[in-house]
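S.K.: Sharing a structure here in structure tokens format.
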Amino acid sequence: MSKVVSLEEALKFVKDGTTVMIPGFMGVGTPETLVDGLVDKKVKDLFLICTDTARPNVGIGKLIASGQIKKLYASHIGTNPETGKMMNAGLIDVTLIPQGTLAERIRAGGAGLGGFLTPTGVGTVVEEGKQKMALDGKEYLLELPLRADVALLRGSKVDKKGNVWYNAATRNFNTHMATAADVVIVEARELLEVGEIDPNNVMTPGIFVDYIVKGE
Amino acid sequence: MSKVVSLEEALKFVKDGTTVMIPGFMGVGTPETLVDGLVDKKVKDLFLICTDTARPNVGIGKLIASGQIKKLYASHIGTNPETGKMMNAGLIDVTLIPQGTLAERIRAGGAGLGGFLTPTGVGTVVEEGKQKMALDGKEYLLELPLRADVALLRGSKVDKKGNVWYNAATRNFNTHMATAADVVIVEARELLEVGEIDPNNVMTPGIFVDYIVKGE
Amino acid sequence: MDIRERIAKRVAKDLEDGDIVNLGIGMPTLVANYITEGIEVILQSENGFVRMGPAPEEGKEDPDIVNAGGVPVTVLEGAAYFDSATSFGIIRGGHVDATVLGALQVDQEGNLANWMIPGKLVPGMGGAMDLVVGAKKVILAMEHTAKGKPKILRSCTLPLTAKKEVDLIVTEMGVFEITPGGMYLREIASDTTVEKIKEVTEAEFIVDDNLITMED
Amino acid sequence: MDIRERIAKRVAKDLEDGDIVNLGIGMPTLVANYITEGIEVILQSENGFVRMGPAPEEGKEDPDIVNAGGVPVTVLEGAAYFDSATSFGIIRGGHVDATVLGALQVDQEGNLANWMIPGKLVPGMGGAMDLVVGAKKVILAMEHTAKGKPKILRSCTLPLTAKKEVDLIVTEMGVFEITPGGMYLREIASDTTVEKIKEVTEAEFIVDDNLITMED
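Protein chains in written order, with the working numbering: chain A, 6 to 221; chain C, 6 to 221; chain G, 380 to 595; chain Y, 380 to 595.
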């Protein structure tokens, strides 16, 4: 069975209320074709996990502008004034998470870890509601794993078994999100035959990938 | 200042009693030149962290045979009968650690995490002396980070800034150990000029590597 | 067909198209020879790759490519290599559909002991504890008795590998499934009887109403 | 020289050969222009690479290579790309020698507030909390006051980024070091006096006996 499917087929896994992870740093590494597909599909009340909301009309910014996000976990929303406005108007429920903690929580979700201890956020509002532990005289917060229903990724090169290679700074959250969702869909900027990526340089093994959509 | 040094210069960081991490799975991925150098140097009472003790006279097995190890953290010693004999004779203090937990503890040591929760080992002797936590009805053990004084690695290709690329199954613990020791020494199977490894495919960034020794 | 082959063949029938499977060393390795034609089973090797292939031709061994037993293997097209933390993230994170392992003892609660005999054999758990906790399905491929003595017990007496994680036990005499409602004998070999199985099984088990005859 | 340049130039003097440095967006970015000739400072960009280079020539921007502010940059020879968990492992794990950041407020205990103004500006902490906790040295590059009001306080009133992590504060008026024994004024600009600094500094500080004049 081929993993390569149409945009429509892939996005049938995203319904109203679905929890979705989307990578990208200010839009770099974000699957634009899949995001555009979500906008067109008009699914609503999404719970979105991402590191930033980019700029209006760039990457994840499009999903903010279209009003499809009900709940948001992110580390930074400052570059997209729309997000702050909608948060203040009570339209989006935003939780801000330090970027390193967010990456590690997603990784933990994919790696079967029950949580981890980080010094980040100790003594700040981030510690509210969290268990604190002192080890060897240093304080840590217990942070819990994160998972999603669907992850939408962007591979610079993807082979037909779903092995992915990311170019330059596009990698960011892609590799972690690939491991932490029930359904993983990759937008292939370049779609290759199996064997065209050196097995040593595969960054997301194909076993994590359920569907591939050819990007534009 | 060049990172490329002689074997002797590199090994001056390993003294009697030093804590050393050495990667390798049954010898595959183990820096044989550096290990031979330690044997020749006759440093003793080492605290060795590795995943297995290979076979007699293969990889880490050589350090067991030479009697240089006082304390050992490993996940498997069954393929080297010498290790078991010396353990039973009270010559080596052995702690057995599940392989996934060992990898994660080293990674945590390099990533500044205070520990992590894993389901591995719950209900077994591995849980002895460890804090147990239940989250969402599932039990976990709190495992703590591991660090070493020195890590001795083996890169298939290493450039002169210390960027490393590992071939095939040699990668195993190399990438994690690179992050978790005060001094990191890489044996280069092939020593390249800077720029010869695609920055995308670097597996251990050169910032982690202090010294490079050309392997034989 | 010898009993090891019979067991391996029966285990193979439980593997489905697309399954990601980790085969332990020893008898479980034989399972690869009996995978149903026309389906694709992806083998994971915990030392760091997926899509493991058969042993290489003599003289064509690559020292950098060995399986978890340290034996030279090959990789198939579409393979991917990774480091140990990633490998055990795959295992612990529930991305392995089935693991096939041997056992020293197993009990009717699904507890498994397969890593040590105190005072006698202390090889270490290697990756077994992670595999048994992490794989979605844990299948034991084992001879029914050890020198005539039962290995399927009411309660394990050896140190455990994991608690209540075993799903299926395949021996030369039959197939047992462990369920919350007790251990069931689901299949029986053509050359034995329920009475004979009871004689060499300490555990209590329920005979399935629709007991099936195992293929030779 | 404008005050931003003066501050950047002074911060640069604190960077040593071989240092791995993360520069925050805004004024800290200017530090790269003043690094002492002949030394090598390796810039880390938390979105996933080391050895960041200058901005590309116009028209030569690569959309896959941006810095942590989303602005196109280049990478130098010997660069390496990685994912976000690795990037923040580098940061949290103490592999970054220094981070240079801006501040909304800082206090004499070394507490920093630079990520939000409740009810007004809630951009999110991005990677700042990880950087401040993880970097070996935290240097603030900031204007001494905001619209004439002190930013260097007895105790921060805004939500903290991290507790007691700031080491050095560089403003257009002078250089402060925060030590367990209190905050010291170590250097003073040629165009001001200790009295003038005291007028616009709420924090209590000790004037170094060997007060140095800052370079313009």
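All residues carry an ideal CB built from backbone N, CA and C; glycine is no exception.
Fair warning: this is a prediction, and the values are worked out from it, not measured in the lab.
Whose Cβ in chain A lies nearer than 7 Å to the Cβ of V429 (chain G)?
M.R.: Per Cβ cutoff of 7 Å: P210, I212.
S.K.: If you draw a straight line from the C-alpha of K49 (chain A) to the C-alpha of Q73 (chain A), how long is it?
M.R.: Taking the straight line from one Cα to the other gives about 4 Å.
S.K.: Closest by CA to D393 (chain G), which one among G:I382, G:D381, G:P407?
M.R.: Nearest option by C-alpha distance: G:P407.
S.K.: Nearest chain C C-beta to D396 (chain Y) closer than 9 Å, yes or no?
M.R.: Yes, D396 (chain Y) lies at the interface with chain C (some Cβ there is under 9 Å from its Cβ).
S.K.: Report the neighbours of T106 (chain C) on chain A: residues whose CB is nearer than 7 Å to its CB, in chain order.
M.R.: Per Cβ cutoff of 7 Å: no residues; T106 (chain C) is ~10 Å from chain A at best.
S.K.: When you compare only the Cα positions, how much space is there between A403 (chain G) and L422 (chain G)?
M.R.: Looking at the sequence shown, residue 403 (chain G) is not Ala but Gly. In a straight line, the C-alpha of G403 (chain G) is about 11 Å away from that of L422 (chain G).
S.K.: Counting only beta-carbon atoms, is M504 (chain Y) nearer than 9 Å to chain A?
M.R.: So, interface residue.
S.K.: Output the boundary residues of the beta strand (DSSP E) element that contains R176 (chain A).
M.R.: Premise fails: R176 (chain A) is in no beta strand (DSSP E) and is neither H nor E.
S.K.: In chain order, what residues of the segment 450-464 of chain Y put their CB closer than 7 Å to some CB of chain C?
M.R.: Listed in sequence order: V454, E456, G457, A458, A459, Y460, F461.
S.K.: Leaving out five residues before and five after D546 (chain G) in sequence, what residues of the same chain have Cβ atoms less than 8 Å from its Cβ?
M.R.: For D546 (chain G), where only same-chain residues beyond five positions count, the Cβ hits under 8 Å are G489, K516, V517, I518, E556, I557.
S.K.: Counting only beta-carbon atoms, is S424 (chain Y) nearer than 9 Å to chain A?
M.R.: With 9 Å as the cut-off, S424 (chain Y) counts as an interface residue toward chain A.
S.K.: So, does the CB of G417 (chain Y) fall closer than 9 Å to a CB anywhere in chain C?
M.R.: False, the Cβ-Cβ gap to chain C never drops below 9 Å.
S.K.: Any beta carbon from chain C within less than 9 Å of G126 (chain A)'s own beta carbon?
M.R.: Not an interface residue.
S.K.: What is the rounded straight-line gap between the Cα of R176 (chain A) and the Cα of S463 (chain Y)?
M.R.: Those two C-alpha atoms are separated by around 8 Å.
S.K.: From D441 (chain G) to G66 (chain C), what distance separates their C-alpha atoms?
M.R.: Roughly 21 Å between the two C-alpha positions.
S.K.: Specify the secondary structure class of L483 (chain Y) as computed by DSSP and reduced to three states.
M.R.: L483 (chain Y): coil per DSSP, three-state reduction.
S.K.: Got a sec? Which residues, its chain only, sit under 6 Å from V410 (chain G) by beta carbon, not counting five neighbours each side?
M.R.: Excluding residues within five positions, the ones whose Cβ falls inside 6 Å are A387, V390, A391, L402, V479.
S.K.: Here's the rule I'm using: 16 or more other beta-carbon atoms within 10 Å means buried, otherwise exposed. How should K530 (chain Y) be labelled?
M.R.: So K530 (chain Y) counts as buried.
S.K.: Exposed or buried, which one is S534 (chain G) when buried takes at least 16 other CB atoms within 10 Å?
M.R.: Per the 10 Å Cβ criterion, exposed.
S.K.: When you compare only the Cα positions, how much space is there between K75 (chain C) and K8 (chain A)?
M.R.: Answer to the nearest angstrom: the Cα atoms are 52 Å apart.
S.K.: Which chain C residues sit within Cβ distance under 8 Å of I399 (chain Y)?
M.R.: Here the neighbours are I212.
S.K.: Could you round the C-beta distance between T23 (chain A) and V155 (chain A) to whole angstroms and report it? I think they count as a contact, below 8 Å.
M.R.: Sure, about 6 Å apart at Cβ, within 8 Å.
S.K.: Mind checking the segment 162-180 of chain C against chain G and listing, in chain order, the residues whose C-beta falls within less than 9 Å of any C-beta there?
M.R.: Going along the segment 162-180 of chain C in chain order, one finds Y171, N172, A173, A174, T175, R176, N177, F178, N179, T180 with a Cβ nearer than 9 Å to chain G.
S.K.: Short check: CB of S11 (chain C) to CB of V218 (chain C), under 9 Å?
M.R.: Yes, the pair counts as a contact, with Cβ atoms nearer than the cut-off.
S.K.: With which residues is D164 (chain A) paired in a DSSP beta bridge?
M.R.: Answer is A:L197, bridged to D164 (chain A).
S.K.: Assign S161 (chain C) to one of two classes, buried (16 or more other C-beta atoms within 10 Å of its C-beta) or exposed (fewer than that).
M.R.: Flag for S161 (chain C) reads buried.
S.K.: Do L107 (chain A) and S80 (chain A) come within 9 Å of each other at the CB atom, strictly closer than that value?
M.R.: Cβ distance < 9 Å, so S80 (chain A) and L107 (chain A) count as in contact.
S.K.: Which first and last residues belong to the alpha helix (DSSP H) in which N561 (chain G) is found?
M.R.: The residue you asked about is not Asn; residue 561 (chain G) is Gly in the sequence shown. Note, G561 (chain G): premise wrong, no alpha helix (DSSP H); beta strand (DSSP E) at 561-567.
S.K.: Checking the sheet assignment: what are the DSSP bridge partners for S463 (chain Y)?
M.R.: Partner(s): none; S463 (chain Y) has no beta bridge.
S.K.: Can you tell me whether DSSP reads H474 (chain Y) as helix, strand or coil?
M.R.: Three-state result, H474 (chain Y): coil.
S.K.: Spell out whether any CB of chain A is found under 9 Å from the CB atom of I469 (chain G).
M.R.: Chain A contact via Cβ: present.
S.K.: Does the CB of K49 (chain C) have a neighbour CB from chain A at under 9 Å?
M.R.: Chain A contact via Cβ: absent.
S.K.: For E195 (chain A), which residues of its own chain have a beta-carbon under 6 Å away from its beta-carbon, when the five flanking residues on both sides are left out?
M.R.: Cβ neighbours of E195 (chain A) beyond the five flanking positions: K162.
S.K.: Using DSSP with H/G/I as helix, E/B as strand and the rest coil, what is G117 (chain C)?
M.R.: If DSSP states are grouped into helix, strand and coil, G117 (chain C) belongs with coil.
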